[in-house]
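*Asks:* The structure is given below, and queries will be raised subsequently.
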Amino acid sequence: MRALGTGEMSRASGLSQKALRLYAANGLLVPAEVDPATGYRRYSPAQIARGRAIGLLRRLDMPLATVAEVLDGPPETVRERLLAWWAGEHARFRAKTESVERVWAGLENGGSAVPDASSAPSATPPSAVAARVRIEHREAQTVATITRVVDQASLVPTFIADVLELRARIADSGAEPLPGHTVIYHGHVGRDLAGRIETCVAFTGPALPSGPMVLRVEPAAEFAVVDVTAREVVFPDLLDFFVAVERAAGSGPLASSREWYPGPWPDDPDAVAMLVATPFARPTPAGVDPAPGAGPRVSA
5 MRALGTGEMS
15 RASGLSQKAL
25 RLYAANGLLV
35 PAEVDPATGY
45 RRYSPAQIAR
55 GRAIGLLRRL
65 DMPLATVAEV
75 LDGPPETVRE
85 RLLAWWAGEH
95 ARFRAKTESV
105 ERVWAGLENG
115 GSAVPDASSA
125 PSATPPSAVA
135 ARVRIEHREA
145 QTVATITRVV
155 DQASLVPTFI
165 ADVLELRARI
175 ADSGAEPLPG
185 HTVIYHGHVG
195 RDLAGRIETC
205 VAFTGPALPS
215 GPMVLRVEPA
225 AEFAVVDVTA
235 REVVFPDLLD
245 FFVAVERAAG
255 SGPLASSREW
265 YPGPWPDDPD
275 AVAMLVATPF
285 ARPTPAGVDP
295 APGAGPRVSA
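Note that the sequence shown covers residues 5 to 304 in my numbering.
The structure is reproduced here in structure tokens:
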């Protein structure tokens, strides 16, 4: 396959051209070719997977040096290193939270009180979310999946690690992973409640199951769907989107609710970052506008 220019690499990997320049300069994603006269950079198609992996890890605000350590170490230790880093970040956040609470508790401010986070209004009212639900039909698709049992704290780093592993295993078997990924919730996942999730990556070409990777066909179905912007992906407000699609889908969904991630995480906070969807068990009910072509949920 021919080499990719910076524009083509940007579109294929989801990384901006500014990010590509940064990652080339620090050695994280070095171009396969650089024209000595013009400085024009070209990338190998094999580098697309690394670019997408960098984008996934940067979504967690992982420092560039740590991204390099995770991606350049032995493949079998990617999950362990990612989860170890996340555990450290989570511990630091808890320590900062406790410090803030201690400082606040010691302040004498005339009786002012900290607002109760549990009673704070959602950034997007539930009624506004419900009005955004639409119907989409999705054709059957062959997917590679990994199933785990996780709690809320380990949810995101776990499915990101699984996406990286699935893409690597698909490529190693000679197939081609498609952009995007899906997370299906087969059980309730909360702060103190572990539930079963299934991370899925669609692919084309022949592939063989290996390790924890299972191959199956995701059947065609009609879904209640709502777009979620990057700004709106905040727990627990995100639960309103699950409630909206489940109500629209009726009382008997065919399968668990899921999050569809169509591509890399957007830089624009108001751009669509993911879709929340639930399949219908029967014909589309009245009151939801269809847009042709276009189970248990996460809980607090």
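Using N, Cα and C, we set each Cβ at its ideal position, and we do this for glycine too.
Between the C-alpha atoms of Phe227 and Arg142, what's the straight-line distance to the nearest angstrom?
*Replies:* Sequence index remark: in the sequence shown, residue 227 carries index 223 (1-based). Sequence index remark: in the sequence shown, residue 142 carries index 138 (1-based). Cα to Cα, Phe227 sits roughly 8 Å from Arg142.
*Asks:* Taking 7 Å as the cut-off, decide whether the C-beta atoms of Val218 and Val249 are in contact.
*Replies:* Within the sequence shown, residue 218 is the residue found at index 214, counting from 1. Within the sequence shown, residue 249 is the residue found at index 245, counting from 1. No. Outside cutoff.
*Asks:* Excluding sequence positions up to five away, which residues of its chain have a Cβ less than 6 Å from the Cβ of Gly18?
*Replies:* Taking the first residue of the sequence shown as 1, we reach residue 18 at position 14. Gly59, Gly267, Pro268.
*Asks:* Check whether the region 42 to 49 touches the region 67 to 78, taking contact to mean three or more Cβ pairs, one atom from each stretch, closer than 8 Å.
*Replies:* no
*Asks:* Please return the same chain residues whose Cβ sits closer than 7 Å to the Cβ of Gly307, not counting the five positions on each side in sequence.
*Replies:* In the structure as shown, the chain begins at 5 and stops at 304. Residue 307 is therefore absent and cannot be evaluated.
*Asks:* Between Ala3 and Val147, is the Cβ-Cβ spacing less than 7 Å?
*Replies:* With the chain covering 5 to 304 only, the question about residue 3 has no answer from this structure.
*Asks:* CB-CB under 6 Å to Val229, same chain, minus the five flanking residues each way: which ones, in chain order?
*Replies:* Working through the sequence shown from its first residue, we reach residue 229 at position 225. Hits under 6 Å: Arg138, Glu140, Leu279, Ala281.
*Asks:* Would Val187 be called buried (16 or more neighbouring beta carbons within 10 Å of its own) or exposed?
*Replies:* Against the sequence shown, residue 187 aligns to sequence position 183. By the 10 Å Cβ count, Val187 comes out buried.
*Asks:* Can you tell me whether Ala117 is helix, strand or coil according to DSSP?
*Replies:* For this step, residue 117 is matched to residue 113 along the sequence shown. Interpretation of Ala117 is limited by its pLDDT of 35, a score under 50 that renders its predicted location unreliable; no figure is taken from the coordinates.
*Asks:* Is it the case that the Cβ atoms of Asp166 and Thr203 are separated by a distance below 7 Å?
*Replies:* Position 162 of the sequence shown, counted from the first residue, corresponds to residue 166. Position 199 of the sequence shown, counted from the first residue, corresponds to residue 203. Result yes, Cβ atoms of Asp166 and Thr203 sit closer than 7 Å.
*Asks:* Could you please give me the residues that DSSP links to Met217 through a beta bridge?
*Replies:* For the purposes of this step, residue 217 is identified with residue 213 of the sequence shown, where counting begins at 1. Looking at the DSSP assignment, Met217 forms a beta bridge with Ser214.
*Asks:* From Tyr27 to Arg173, what does the alpha carbon distance come to, in whole angstroms?
*Replies:* Locating residue 27 in the sequence shown gives position 23, counting from the first residue. Locating residue 173 in the sequence shown gives position 169, counting from the first residue. So the alpha carbons of these two residues sit roughly 25 Å apart.
*Asks:* Need the endpoints of the alpha helix (DSSP H) that Val71 sits in, please.
*Replies:* Within the sequence shown, numbered from 1, the residue matching residue 71 stands at position 67. Here the alpha helix (DSSP H) through Val71 covers 68 to 76.
*Asks:* Rounded to the nearest angstrom, what separates Asp241 and Ala135 at their Cα positions?
*Replies:* Taking the first residue of the sequence shown as 1, we reach residue 241 at position 237. Taking the first residue of the sequence shown as 1, we reach residue 135 at position 131. Approximately 16 Å between the Cα atoms of the pair.
*Asks:* If I measure Cβ to Cβ from Asp196 and keep anything under 8 Å in the same chain, skipping five residues before and after, which residues do I get?
*Replies:* Mapped onto the sequence shown, residue 196 falls at position 192. Excluding residues within five positions, the ones whose Cβ falls inside 8 Å are Asp155.
*Asks:* For Asp244 and Gly194, I'd like the C-alpha separation in whole angstroms.
*Replies:* Taking the first residue of the sequence shown as position 1, residue 244 is located at position 240. Taking the first residue of the sequence shown as position 1, residue 194 is located at position 190. Whole-angstrom Cα-Cα distance: 15 Å.
*Asks:* Give me whichever residues DSSP pairs with Ala252 in a beta bridge.
*Replies:* Indexing the sequence shown from 1 puts residue 252 at position 248. DSSP lists no partner for Ala252.
*Asks:* Which class does Phe207 belong to by DSSP, given the choice of helix, strand or coil?
*Replies:* As a first step, residue 207 must be located in the sequence shown, where it is residue number 203. Correct three-state label for Phe207: strand.
*Asks:* Could you tell me which of Glu37, Leu87, Ser20 sits nearest to Ala157, measuring between CA atoms?
*Replies:* Position 153 of the sequence shown, counted from the first residue, corresponds to residue 157. It is Leu87.
*Asks:* Work out the CA separation of Ala277 and Val238 for me, nearest whole Å.
*Replies:* Position 234 of the sequence shown, counting from 1, holds the residue named residue 238. Position 273 of the sequence shown, counting from 1, holds the residue named residue 277. The alpha-carbon atoms of Val238 and Ala277 are separated by roughly 12 Å.
*Asks:* What three-state label does DSSP hand Tyr265 in the structure shown?
*Replies:* Residue numbering aside, residue 265 sits at position 261 when the sequence shown is read from its first letter. In this structure, Tyr265 counts as strand in the three-state DSSP scheme.
*Asks:* Does Thr233 come out as helix, strand or coil in the three-state DSSP assignment?
*Replies:* Indexing the sequence shown from 1 puts residue 233 at position 229. Strand at Thr233.
*Asks:* Which residues bound the beta strand (DSSP E) around Pro161?
*Replies:* Within the sequence shown, residue 161 is the residue found at index 157, counting from 1. Where Pro161 is concerned, there is no enclosing beta strand (DSSP E), although the alpha helix (DSSP H) it sits in stretches over 156 to 176.
*Asks:* Going by DSSP in three states, Val280 sits in which element: helix, strand or coil?
*Replies:* Against the sequence shown, residue 280 aligns to sequence position 276. If DSSP states are grouped into helix, strand and coil, Val280 belongs with the strands.
*Asks:* Taking CB distances under 7 Å as the criterion, tell me whether Ile150 reaches chain C.
*Replies:* The chain labelled as chain C is not found in the depicted structure, where only one protein chain is given.
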